[in-house]
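Taking mature numbering (1 follows the signal peptide of the UniProt record, and there is no 0), I'd label the letters of the sequence shown as residues -22 to -1, 1 to 301.
The beta-carbon is built from N, C-alpha and C at its ideal position, and this holds for glycine as well.
Keep in mind the model is a prediction, meaning the values are calculated, not measured.
The block underneath contains the structure these notes are about, expressed in structure tokens.
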Amino acid sequence: MIRAKYLFIYLLIQFVLEFTYAQPQVKFFRDDYKYLEDTRSFYKVHTIHRTWENATRRCALEGASLFYPEDQNEADVVLTHLKETQPSYQWVFIGISSKLAKGVFKTIDGLSIRQVYNKWAPGEPNDSNGEEDCVILRRDGTLNDDKCSKRNPFICKKTLASLKWNEECNVPYMDYKYNEDLGRCYKFHLNPLNWRDAIDACDSENAYLAIINSQKEADYLVNITAEAPKNKVKGSHLRGAVHLGFSYDTSENEWRTTTGETLDDAGYAVWGNYQPDGGENEQCGSMFYNGHLNDISCEAQRCFFICERENELLNIFSERFGQ
């Protein structure tokens, strides 16, 4: 029995090491992306329809880019995948537009459309009403110009060659830092967003807006906030606070984390002086740079934020063996 237990421990350790340190060789980006060997790239068909600009932004948040076919082969491969996974979709936005110069279509990385796949449908592009600066790929393989403001499905792409792996945090995002004492990974975002957009940004990285569960965690977030090069960020944004993952639950008349716990149950409810003080205008959560909690507008105020994610493999090991 003892021998079997140690054998299990040994095999589990081997699995963790192989999965973590061999990850760059494994053809995996995220569990919501599909790897297609013919193009050596990962793809995700987004079913929530967005404008062209929001689609481009969403792909970038996920560490990918808005897909466009580089050649006939990629167009065929991706359209086959699209038809298999979303047979009702008639078209998708692709990463080509003429937004910079009217009638001059370029990819999101600056290539002329003549350098990539450019099989236009008959009579296209026609710039109907002078409003069609973005491009869709139809299921028959032809291109059409369309309004950028329309909401369409889209596909994000990540090439295998561009994939880097954060071994400590077991993610394809190199900016996450692992804290051994807390057993979690954190990323300080220097692009100020409002609270709702910060939630979306963390989610796009398979993480969540940071939740403080202890004084030790609060101290760590204060430290990474102090170390972040905040003064280099220009433009209009709220200084002195960082978005965190809690908000006011009007149905329960209390502050709760994004996982549904009260702040007391979560383990940290240290408010700043005279906070919360914003009433109905400030029903989302933040942290002053000293670690004390603060209420903030959910949409009107842009500031820095911290994303947090569990280190899943290490957590599995710790739970199994009580570490």
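Backbone CA spacing between residue i and residue j [nearest angstrom]
i: V55; j: S75; result: 22 Å
i: F283; j: A99; result: 44 Å
i: N51; j: C163; result: 39 Å
i: D9; j: Y252; result: 44 Å
i: E146; j: I26; result: 32 Å
i: E288; j: A38; result: 22 Å
i: N144; j: A185; result: 14 Å
i: C281; j: D243; result: 26 Å
i: I202; j: F166; result: 7 Å
i: Q301; j: G256; result: Confidence at Q301 is low in this model, with a pLDDT of 39, below 50, so the placement of that residue should be treated as unreliable; the coordinate-derived value is given next. Near 42 Å, if we compare the C-alpha coordinates of G256 and Q301.
i: W30; j: N122; result: 14 Å
i: V200; j: D227; result: 26 Å
i: C126; j: F45; result: 15 Å
i: V113; j: T58; result: 19 Å
i: Y11; j: F132; result: 13 Å
i: S182; j: A53; result: 26 Å
i: K5; j: P254; result: 47 Å
i: E48; j: T237; result: 41 Å
i: K212; j: H221; result: 18 Å
i: L96; j: G88; result: The question names Leu, yet the displayed sequence has Asn at residue 96. Roughly 15 Å between the two C-alpha positions.
For residue i: DSSP bridge partner residues
i: D124; result: C112
i: A219; result: F266
i: K136; result: F20
i: C285; result: K165, L187
i: V82; result: In DSSP, V82 forms no bridge with anything.
i: E232; result: D227
i: residue 302; result: Because the chain is modelled from -22 through 301, residue 302 falls outside the range shown and cannot be assessed.
i: W98; result: L121
i: L44; result: C134
i: R36; result: Bridge partners of R36: none, in fact.
Distance between beta carbons of residue j and residue i, contact taken as under 8 Å
i: Y246; j: A196; result: 6 Å
i: F7; j: P103; result: The pair is not a contact, with the Cβ atoms about 32 Å apart (cut-off 8 Å).
i: C134; j: A42; result: 4 Å
i: L168; j: A206; result: 6 Å
i: I189; j: F224; result: 7 Å
Burial state of residue i, where buried means 16 or more other Cβ atoms lie within 10 Å
i: Q279; result: buried
i: E230; result: exposed
i: G269; result: buried
i: A33; result: buried
i: L78; result: exposed
i: T235; result: buried
i: A204; result: exposed
i: N148; result: buried
Can at least three beta-carbon pairs, one atom from the segment 151 to 168 and one from the segment 259 to 271, be found at a separation below 8 Å?
No, the segment 151 to 168 is not in contact with the segment 259 to 271.
Does the segment 53 to 71 come close enough to the segment 111 to 125 that 3 or more CB-CB pairs lie under 8 Å?
When Cβ pairs closer than 8 Å are counted between the two stretches, the segment 111 to 125 is seen to touch the segment 53 to 71, the count reaching three or more.
Give a yes or no on contact between the segment 71 to 90 and the segment 164 to 176, applying the rule of three or more CB pairs nearer than 8 Å.
Contact annotation: the segment 71 to 90 does not touch the segment 164 to 176, with fewer than three C-beta pairs closer than 8 Å.
Given 8 Å, three or more beta-carbon pairs between the segment 17 to 29 and the segment 134 to 146:
A contact exists between the segment 17 to 29 and the segment 134 to 146.
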